[in-house]
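Following: one structure in structure tokens, then a few remarks.
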Amino acid sequence: MTRSVPILFLAMLVHWGLACDSPEAPPSRPEIGPEAISNQEDAVCGMLVRGQSAPRAQVIHRDGTRAFFCSVADLLAYLEAPSPHGAVLRTYLEVMEPDESPAQSHTRAHPWSEAGQASFVVGLKRSSIMGAPVMVYRDPNAAALARGDHPNTHILDFDGLRGWWRRRQANDEAPAH
Numbered sequence: 006m007t008r009s010v011p012i013l014f015l016a017m018l019v020h021w022g023l024a025c026d027s028p029e030a031p032p033s034r035p036e037i038g039p040e041a042i043s044n045q046e047d048a049v050c051g052m053l054v055r056g057q058s059a060p061r062a063q064v065i066h067r068d069g070t071r072a073f074f075c076s077v078a079d080l081l082a083y084l085e086a087p088s089p090h091g092a093v094l095r096t097y098l099e100v101m102e103p104d105e106s107p108a109q110s111h112t113r114a115h116p117w118s119e120a121g122q123a124s125f126v127v128g129l130k131r132s133s134i135m136g137a138p139v140m141v142y143r144d145p146n147a148a149a150l151a152r153g154d155h156p157n158t159h160i161l162d163f164d165g166l167r168g169w170w171r172r173r174q175a176n177d178e179a180p181a182h
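The sequence shown begins at 6 in our numbering and counts up by one.
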């Protein structure tokens, strides 16, 4: 019996060690939701996030580190690169109201939504932002109201948005003939 206790103990340690190394392992501190924007800098461009128009974004890494973004385009670029902070556990975006004009700047705080719950409208015209204009809404109905009858616009879920962005990047990087 005395030999089985150390072996069982070692097996438990190995199992625990593998779980801690898993990309699905919980963060080292209790998980919390999105933080309000204050003086954070964009993790991609270094600009002050609060001064930029919504929708803005933030992620929480496995180690508890947060990264904030001025735009959805910066978020999408960031998600494509590996991070020394480990896997991204949560992605939050500010959601717009359907009656907020994409042509206007909206720097006030907006409610946050997890990326998988939000709906995204691409193809709307919007000036004075970095990257491709992407508007974020709480659900497909709100996105449809905001989209209206604008031509060449699409409503996407988060996976669809990431695919759209990758295709757009591939087209931008293709050599001209």
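From the three backbone atoms N, C-alpha and C, an ideal C-beta is built for every residue, glycine too.
Coil, strand or helix - residue i by DSSP
i: L129; result: coil
i: S27; result: Reliability of the predicted coordinates at S27 is poor, the pLDDT of 47 falling under 50, and the value obtained from them is presented with this limitation in mind. Three-state DSSP puts S27 in coil, outside helix and strand.
i: D144; result: coil
i: R171; result: helix
i: Q122; result: helix
i: R95; result: strand
i: V77; result: helix
i: R113; result: coil
Minimum C-alpha distance to residue i - residue among the options
i: P116; options: Q109, P138, Y142 and A108; result: Y142
i: A137; options: P60, R55 and N44; result: P60
i: A48; options: A78, P145 and A175; result: A78
i: V93; options: R113, N176, D177 and G69; result: G69
i: F74; options: P87, I42 and D154; result: I42
i: S132; options: G165, A123 and P107; result: P107
i: P156; options: E99, L129 and R55; result: L129
i: I37; options: Q57, A175 and R95; result: R95
Residue environment, residue i, which counts as buried when at least 16 other CB atoms sit within 10 Å
i: R67; result: buried
i: E85; result: exposed
i: E119; result: exposed
i: A114; result: exposed
i: P87; result: exposed
i: I160; result: buried
i: A72; result: buried
Spatial distance of residue i from residue j (CA atoms)
i: F125; j: D104; result: 15 Å
i: M183; j: A147; result: The structure shown does not extend to residue 183, since the chain is modelled only from 6 to 182, so the question has no answer here.
i: L53; j: L150; result: 30 Å
i: V127; j: A82; result: 16 Å
i: D177; j: R171; result: 10 Å
i: R173; j: T158; result: 14 Å
i: Q45; j: G51; result: 9 Å
Proximity below 8 Å, CB of residue i to CB of residue j
i: P145; j: Y97; result: no
Cβ of residue i within 8 Å of any chain D Cβ
i: P87; result: Considering every chain present, this structure includes no chain D. It has just one protein chain.
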